[in-house]
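Take a look at the structure set out below.
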């Protein structure tokens, strides 16, 4: 929940000029607050940057005050949507079952969902990481087309805590996720305190296809360095 419309325009003005030498096979997606989507849809049209939202409801319309449907997002040029982010699960009661419904809705409306999975520190310390991830993937992907999907592994204990998930550990968990998929070519990202000073080591891991960036994406040059990893 950052940046009003004016701040978003300023960010884009500082960010886009840094993509001139970005390899063409790297996809850049900004998942921004609902209030910024319409204005940035116009600004980013025909640019290197795709537009994403941060959530989507499972119904196309109805008495769901405060929610946004997939059709509403698709209409204004949104291509991607985050589903099941750890903060949605932690603060707003998202479950694997509601996450699955949102994934289905996203795909039904021509959006590519970015499914977030990951464990808390308590779950990790209890040795439950693998069983939790397996259940999140199994339940979350019921009835989902794996040809139109991105998955992001975000260890909740490493988000904004100062604790670091070593690239090798992240690579191992992402390898586990890949082994659970029918389509092993699904893009699987890592998310958890991704910064300019660790992006190169993260992207050197063979199972990691990309990153889901939080705080480090708020500053144009910081995010550009991540996009232009070496």
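Numbering (my numbering), first residue to last: 3 to 232. Just so you know, even glycine gets a beta-carbon here, dropped at the ideal spot from N, CA and C.
Shown here, residue 16 sits in a helix according to DSSP, grouped into three states. In the displayed model, residue 217 falls within a helix according to three-state DSSP. Around the C-beta of residue 104, 16 or more other C-beta atoms lie within 10 Å, and the residue is accordingly described as buried.
Closest in C-alpha terms to residue 206, from the list 109, 139, 124 and 170, comes 170.
Counting only the Cα atoms, residue 86 lies some 7 Å from residue 96. Under the criterion of beta carbons closer than 8 Å, residue 94 and residue 70 do not qualify as touching, at roughly 14 Å.
Less than 7 Å separates the beta-carbon of residue 80 from that of residue 55.
Its chain contains 229 as the residues whose beta carbon lies nearer than 7 Å to that of residue 28, once the 5 sequence neighbours on both sides are disregarded; these appear in chain order. Distance from the CA of residue 221 to the CA of residue 135, rounded to the nearest whole angstrom, comes to 31 Å.
One alpha carbon belongs to residue 215, the other to residue 225, and they sit about 8 Å apart. Where residue 70 is concerned, there is no enclosing alpha helix (DSSP H), because DSSP gives it neither an H nor an E. For residue 189, the enclosing beta strand (DSSP E) has its first and last residue at 189–192.
For residue 114, the uninterrupted beta strand (DSSP E) segment begins and ends at 114–119. Looking at the DSSP output, residue 33 sits in a beta bridge with 54.
Looking from the CA of residue 184, the closest CA among 102, 143 and 67 belongs to 143.
Note on geometry: alpha-carbon atoms of residue 24 and residue 167 lie some 27 Å from one another.
Around the beta carbon of residue 114, a 10 Å sphere encloses 16 or more other beta carbons of the protein chains shown; the residue is thus reported as buried.
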